[in-house]
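**Student:** One structure, as structure tokens, below. Some questions next.
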Amino acid sequence: MEISWESILGHQVNKERLQQLLVGDRVPHALLFCGPEGTGKRLTAEVLAAALLCAAPGQRPCGHCPSCQAMRSETHPDFYRIAPESRGKSARSIRIEQIRAMETETARVPILSARRVVLLDEADLMNETAANSLLKTLEEPSGQAVFILVSSMRSSLLDTILSRCTPVMFGPLSADEVAAALVQQGVAAEQALVLAALADGSAGRAMQLAGDGGLALRDDAMSVLQLLPLTDMAVIWEQGKRLGALGREPLAQWLRYFRMLLRDLLVLYSGGSGRLYHPDLMTGLASLLPHLPERQVFVAAAITGETEHRLVRSNVNNRLLMEAFLLQLRDLQ
Amino acid sequence: MAYVALYRKWRPGSFRDLVGQEHISHTLAHAIETGHVGHAYLFSGPRGTGKTSTAKILAKALNCEQGPTPAPCNVCESCRRVNDGTSMDVFEIDAASNRGIDEIRDLRETVKFAPAAGRWKVYIIDEVHMLTSEAFNALLKTLEEPPAQVVFILATTEVHKVPATIQSRCQRYDFKRITAADIEGRLQYVAGESGIQAEPDALALIAHQADGGMRDALSILDQCAALSDEIITAERVRDILGLVGRDWVVRLLRAIAAQDAAAVLTTIADLLQAGKDLRQLLGSLIRELRAVMVYQAAGPLSGVDSFESSQEFLEEMAGVFSPERFLPMIRCLHDALQELKWTSEPRITVETALLTLCRPEAAAAPLQPPAAAAADAARLTQLETRLAQVAAALAALPKTAPAAVPVSTARPVLRAAMSAEKPAEETLPVAVTEEGKQIWQKLLANLRAQPDKGPVYACISKGRFCGMNERQFLIEFSSRFLKLRTDRDDYRMILEGELMQISGQPLQLVCSLAASDEPPAPPRPPVKKTAKKSPAPQPIQVDMSQLPPQAQQNLEKAVSILDGDFITPPSDS
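Protein chains in written order, with numbering that gives the first Met the number 0: chain A, 0 to 332; chain B, 0 to 572.
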């Protein structure tokens, strides 16, 4: 993994603050990195972890000590990473077993460095038991450990977790920064600018868009939106079957796009066309306005949000969910 | 020694240091002095109010070498061991990690041994709400009658998850949220002791932001101290916490008041760019709206906390928003705040909510999915009412038809009513002629000859031919079911086809029920309901051609779905 402060795009203020804490050796034992997805929170957490584990004097991480080399090859014995796992068809989550395994590990004396660092990725996906079992450790770790929680949904964490962590806010990246990241990945400069506008300050999303068929899901969402008002039941069953077969993650993404398109419709209704997520679809969206009264768009947005909630937070049958979703859209009229 | 967070370093070590929970520290101190120490305590309250700290103080107080004393010395061997977490007699158990019945069994095994060094064995079970129900139940007996010299202290933030059987065995102490003033005082003390320089304003802001939790407050102070150069200023605190300044809120409210959606969107975009927390934005908006609402209702009140809003601004806003708008607005913001807990696109949630506020008429009653169902229900009731009206109209028609065709005539009548140019058919005379009888016999024979029409034959062979004219062919049944079955479109089509073949002219099949048959089936509930609802006991005359085209369509649809099976509503009078 990349372990230098320079590899982090933007977030100048946060970088300076963290380095300031490092120099004073005042890094709190529990940090929470929160902000939108794909803005570099995990990368920053990794670099900070490397810096905390690095023993070199002066600028940390130095990049060449044994600790840094181990970090780079992701084999550092004192670095512990927890990420949500999916079991079978159930929704991804961090489970209590993972937390317990981590607690056993971190209670031991560090091997290579002066302390241990635990990185909890997507901490909001901890289930309730897991989050509660972390509380005691998070407040007073039994060994020398620093916890870095990374989450794009701060508000879905427990109050008791939040009050134990020092939050570090990550804002969205500017379009220029996202474009620069894309160019680094080998995307043509012109295309990079277009994608950066679509990505809404998230480098992660921009890279996803730049990948194969990045816009396919969004265009698909647009095509379903154009089917409204749905009257033909055959279309509903057919689309429900097709969308249900997409798989959980793509479907969640699809719903997000659908919601963004609805939001763009609302923006068009309010006359502010300059702030669209999808300026390239502007004419298509504008042609939808006569079929969809503003009130219906508001309701459709609420329905989409509710559907996404069910998909992401509970174990639902995707096809049934999507059929119900389309039926609700039909009932808008 | 690595850096230790302020909230760990300054965990209160005696009842005197415990801030804002005097009602508890006083009671406990008194209990220790008089020797009336209970064997089980339950501490509940929000995060960061001192539950775990009080439990530890109590443990120290009981085992301190200076005696059981409300003021543990914090220097003796026993006190130090509790502070380090190495005491042989004080067990701090994390119930969230050890939540099963096996862990509780282990605990029960060790409970019976006498304390090793001190006077009391203290079990602090933290986050006790996470124990499984089996574990809770396994604990019950021990909790009720523990061996002498054992004290259980259960601590939790969610006391409603603790079973009543556990609660009733414990002395329960509810910890209050600590007031901002108390937090500020403690912050000043901690800052002074650890050599942190801070403006009083900054500390007040931190205390307010901590929202009743001392740990939050110290955590924020810690962070600000680490990131400020010399002295902590209010500006710096706001900056570090990503707080949404009042000017932003004012800007947004003005835009909403002017229904300027574009300005709202721009403001949100700017806020996000600055890395502000949308949750805080919604919270501030709600507080501000509340202040305006209070101002509008009661004018400037000194007793009501109006959140630093300037009087001019309140006046301006109170003039813009009508009183009835506040509640929907605040509710809308609250819903968005709830949604922020799980949504992956907080920006869209907030934007949609604020656009809703901007467009009160467009989103007047944002239909929720259940509300959509309610709309359906409304449509259905409307349809039912109309149906009842038509049925009533039918009942009111003069009974000119022969006695043999009482109920089933509903169908032709309705058809006639729907197409006004067709004359009412049942006025034609019917007669049982030889020709008719022949046709009837032929019809039966034809049907019997075709094996695939066996069911139809079985049905009508139970019927009795009772007359025909140029247009209609009447069959009377003694069984209601057979009549209904024959009246269905599929059988009717077969029969009318056969009749056409035999007689060479289009004949309409009319089924009727013999006069002396079983009592009519109870009326269908929906019709009954609406009939009861209709205020006028007199049947209502409805002329189909007078209805609007939409209503006519709906009615025709309803008739085709319900198969024209009308019944007369019972008279309520």
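Where is the CB? At the ideal position from N, CA and C, for every residue including glycine.
Just so it is clear, the structure is predicted and the values come from calculations on it, not from any experiment.
(1) Taking the DSSP output, what are the residues bridged to isoleucine 231 of chain B?
(2) Could you give the first and the last residue of the continuous alpha helix (DSSP H) run that contains serine 283 of chain B?
(3) Is the CB of cysteine 357 of chain B under 9 Å away from at least one CB in chain A?
(4) Can you tell which of B/Glu144, B/Glu102, B/Lys140, B/Thr141 has the C-alpha that lies nearest to the C-alpha of threonine 131 of chain B?
(5) Alpha carbon to alpha carbon, what distance is there between lysine 275 of chain B and alanine 220 of chain A?
(6) Of all the residues that make up the region 122-149 of chain A, which are near chain B by a beta-carbon distance shorter than 7 Å?
(7) Assuming glutamine 170 of chain B contacts alanine 39 of chain B (C-beta within less than 8 Å), just tell me the rounded distance between them.
(8) Here's a check: name, in chain order, each residue in its chain whose Cβ is nearer than 6 Å to the Cβ of lysine 111 of chain B, leaving out the five neighbours to either side.
(9) Buried or exposed, going by whether 16 or more other CB atoms sit within 10 Å of the CB of aspartate 173 of chain B?
(10) Could you say if the region 46-60 of chain A and the region 6-24 of chain A meet the contact criterion of at least three C-beta pairs nearer than 8 Å?
(11) To be precise: take each residue of the region 197-226 of chain A, compare its Cβ to all Cβ atoms of chain B, and keep it if any distance is under 7 Å. Which residues remain?
(12) Taking serine 151 of chain A as the reference, give the member of A/Ser201, A/Met206, A/Pro140 with the closest Cα.
(13) Along the chain, where does the beta strand (DSSP E) that runs through isoleucine 56 of chain B open and close?
(14) Going by other Cβ atoms of all chains shown within 10 Å of its Cβ, with 16 needed for buried, is glutamate 517 of chain B buried or exposed?
(15) Once you ignore the five residues that flank serine 6 of chain A on each side, which residues in its own chain have a CB closer than 8 Å to its CB?
(16) Would a check of beta-carbon distances place valine 46 of chain A closer than 9 Å to chain D?
(17) Measuring CB atoms only, is the region 256-271 of chain B touching the region 219-238 of chain B, in the sense that at least three cross pairs come out at less than 8 Å?
(18) For the putative contact between glycine 239 of chain A and glutamate 322 of chain A, defined by C-beta atoms under 8 Å, what is the C-beta separation to the nearest angstrom?
(19) Please state whether the Cβ-Cβ distance between serine 96 of chain B and serine 132 of chain A is less than 9 Å.
(20) Assuming lysine 556 of chain B is part of the alpha helix (DSSP H), what are its boundary residues?
(21) Spatial neighbours of arginine 91 of chain A within its chain, please: CB distance less than 7 Å, with the 5 preceding and 5 following residues excluded, ordered by chain position.
(22) Is it buried or exposed, tyrosine 256 of chain A, if we count other Cβ atoms within 10 angstroms and call 16 or more buried?
(23) Taking contact to mean 3 or more Cβ pairs, one atom from each stretch, closer than 8 Å, check whether the region 105-120 of chain B and the region 150-164 of chain A are in contact.
(24) If I measure Cβ to Cβ from alanine 224 of chain B and keep anything under 7 Å in the same chain, skipping five residues before and after, which residues do I get?
(25) Using a 10 Å radius around the Cβ and a threshold of 16 neighbouring Cβ atoms, would you call arginine 581 of chain B buried or exposed?
(26) Per DSSP, aspartate 221 of chain B is paired with what?
(27) Going by DSSP, what residue range makes up the alpha helix (DSSP H) through alanine 195 of chain A?
(28) Along chain B, which residues have their Cβ under 9 Å away from the Cβ of arginine 247 of chain A?
(29) Any beta-carbon of chain A closer than 9 Å to the one on methionine 492 of chain B?
(30) When the distance is taken between beta carbons, is lysine 461 of chain B closer than 9 Å to phenylalanine 476 of chain B?
(31) Could you give the distance in angstroms between the alpha-carbon of aspartate 77 of chain A and the alpha-carbon of glutamate 126 of chain B?
(32) Mind pulling the chain B residues with CB within less than 9 Å of phenylalanine 169 of chain A?
(33) Within this structure, are the beta carbons of glutamine 20 of chain B and threonine 48 of chain B separated by less than 9 Å?
(34) Return the residues of the region 211-231 of chain B that lie within a Cβ-Cβ distance of less than 9 Å from chain A, sorted by chain order.
(35) How about leucine 156 of chain A and valine 177 of chain A: are their beta carbons less than 9 Å apart?
(36) Below 8 Å CB to CB, which residues in the same chain sit around alanine 188 of chain A once its five sequence neighbours on both sides are set aside?
**Tutor:** Reading from the atomic positions:
(1) B/Ala197
(2) 277-297
(3) yes
(4) B/Glu102
(5) 30 Å
(6) Thr128, Asn131, Ser132, Leu134, Lys135, Glu139, Gln143
(7) 7 Å
(8) Pro146
(9) exposed
(10) yes
(11) none
(12) A/Ser201
(13) Looking at the DSSP string, isoleucine 56 of chain B is not in any beta strand (DSSP E); the run it does join, the alpha helix (DSSP H), is 50-62.
(14) In this predicted model, glutamate 517 of chain B has a pLDDT of only 48, less than 50, meaning its place in the structure is not dependable enough to derive any value.
(15) Leu42, Val46
(16) Structure shown: chain D not included; protein chains present are A and B.
(17) no
(18) 4 Å
(19) yes
(20) 548-561
(21) Pro83, Glu84, Ser85, Leu124
(22) buried
(23) no
(24) Ile195, Ile231
(25) Residue coverage of chain B in this structure runs from 0 to 572, which leaves residue 581 of chain B outside it and unanswerable.
(26) In DSSP, aspartate 221 of chain B forms no bridge with anything.
(27) 188-198
(28) Within 9 Å Cβ-Cβ: nothing; arginine 247 of chain A doesn't reach chain B, min ~13 Å.
(29) no
(30) yes
(31) 28 Å
(32) Gly274
(33) yes
(34) Gly212, Arg214, Asp215, Ser218, Ile219, Asp221, Gln222, Ala224, Ala225, Leu226
(35) no
(36) Ala178, Val182
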